[in-house]
Amino acid sequence: MPEPDEQTNRLESLLLTLIFAALSLALLLTIFVATRTGPAQAGWWTRPALAPGVALTVLVLANALTLWKEIASLRRSPATPAEWAEARARVIAWLRPVEFLAYFAAYLWSLKLIGYFPATLVFVTGLMWRVGLRGGRWMLAGALTALALVLIFRVGLGVWMPAPALYDLMPGGMRTALIRWF
Numbered sequence: 001m002p003e004p005d006e007q008t009n010r011l012e013s014l015l016l017t018l019i020f021a022a023l024s025l026a027l028l029l030t031i032f033v034a035t036r037t038g039p040a041q042a043g044w045w046t047r048p049a050l051a052p053g054v055a056l057t058v059l060v061l062a063n064a065l066t067l068w069k070e071i072a073s074l075r076r077s078p079a080t081p082a083e084w085a086e087a088r089a090r091v092i093a094w095l096r097p098v099e100f101l102a103y104f105a106a107y108l109w110s111l112k113l114i115g116y117f118p119a120t121l122v123f124v125t126g127l128m129w130r131v132g133l134r135g136g137r138w139m140l141a142g143a144l145t146a147l148a149l150v151l152i153f154r155v156g157l158g159v160w161m162p163a164p165a166l167y168d169l170m171p172g173g174m175r176t177a178l179i180r181w182f
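With UniProt numbering, the residue at position 130 of the sequence shown is 130, and numbering never jumps.
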C-alpha cells in the first residue's frame, strides 16, 4: 500500500500563493511595455499583447481566488506554533539551491580567468566533493568527466572560448595551444 502524501503546510502554501500572485500581477502590469502594438488597420485580435494578456489575466484571477481561500482557511483555524516552525524550515530549504547557483556563477566567472578545462575540472570535482563523493574513484571520475567535456566541446564541436587571463602568462606557442584545445 503506498504511503500517504505528507500534508501541505498552509503557511508555506500561502507564501507561494503570494509570490505567484505578485509575479503574475507584475507581468500583467508590464505587458504593454514588453509588447509592441501592430498596425492600426489590423484587428484587435492581432495585437501582440492579446494572448499573453488573456493568459495573465486568468492567472491573476486564479491566484487571487487561491489567495482568498488560503487566507479564509487560516482565519477559520489559525496556524499552530508547530505549523509556523515547519513552514519556516521549508522556506529555508527553498534557499538550498541558491548555494549551487553560486557555485555555477563562480564557475562562469572563473572561465575568463583560468580557462575552460581548469575551471571545469575545479567545478566538477568541487561539486562531487560538496555532495559527498570524496573517494579517489569519484575524484578520478570527475576529472575524466571534465576532460571528456573538453574533448567534446573544444575538440569535437570546436566551441570557441575567449582566451582567459591565465593563458596570457604562458609563452607564445603554449598559449596558442592552450587557447585552441583547453
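The beta-carbon is built from N, C-alpha and C at its ideal position, and this holds for glycine as well.
Three-way DSSP call (helix, strand, coil) for residue i in this model
i, result
"W160", "coil"
"T80", "coil"
"M170", "coil"
"R90", "helix"
"L67", "helix"
"V122", "helix"
"T176", "helix"
"P97", "helix"
"V150", "helix"
"P52", "helix"
Beta-carbon contacts of residue i that lie in its chain and below 7 Å, excluding the five residues immediately before and after
i, result
"P162", "K112"
"A119", "Y107, S110 and L111"
"E86", "N9"
When the options are compared against residue i, the one with the closest alpha-carbon
i, options, result
"P97", "G115, R130 and A82", "R130"
"residue 183", "L18, A146 and L127", "This structure leaves residue 183 out entirely; the chain is present only between 1 and 182."
"A146", "G126, R134 and A64", "G126"
"A64", "L178, L14 and F153", "L14"
"A72", "R134, L11, G136 and G158", "L11"
"L178", "L149, F117 and G135", "F117"
"L121", "R90, A148 and A89", "A148"
Backbone CA spacing between residue i and residue j [nearest angstrom]
i, j, result
"M174", "R180", "10 Å"
"L151", "L16", "43 Å"
"I114", "P164", "6 Å"
"Y103", "F123", "8 Å"
"S77", "I31", "38 Å"
"E99", "V159", "28 Å"
"I92", "W138", "30 Å"
"F182", "E70", "54 Å"
"R90", "E83", "10 Å"
"T176", "A105", "27 Å"
"W94", "G43", "45 Å"
"G136", "V155", "27 Å"
"T46", "V58", "19 Å"
Residues of its chain near residue i, where Cβ-Cβ distance is below 8 Å and the 5 sequence neighbours each way are ignored
i, result
"P48", "T35, R36, T37 and G38"
"V60", "A21, S24, L25 and L28"
"L74", "R10, L11 and L14"
Same chain, Cβ closer than 6 Å to residue i, neighbours up to 5 away in sequence not counted
i, result
"L27", "L56"
"M128", "W138 and G142"
Chain C within 7 Å of residue i, Cβ atoms only
i, result
"V58", "You won't find chain C in this structure, because it holds only one protein chain."
Requested in this report: Report yes or no: do three or more beta-carbon pairs, one from the stretch 18-36 and one from the stretch 49-58, lie closer than 8 Å?
Outcome: yes
Requested in this report: Say whether the stretch 136-144 touches the stretch 156-176, bearing in mind that this needs 3 or more beta-carbon pairs closer than 8 Å, one atom from each stretch.
Outcome: no
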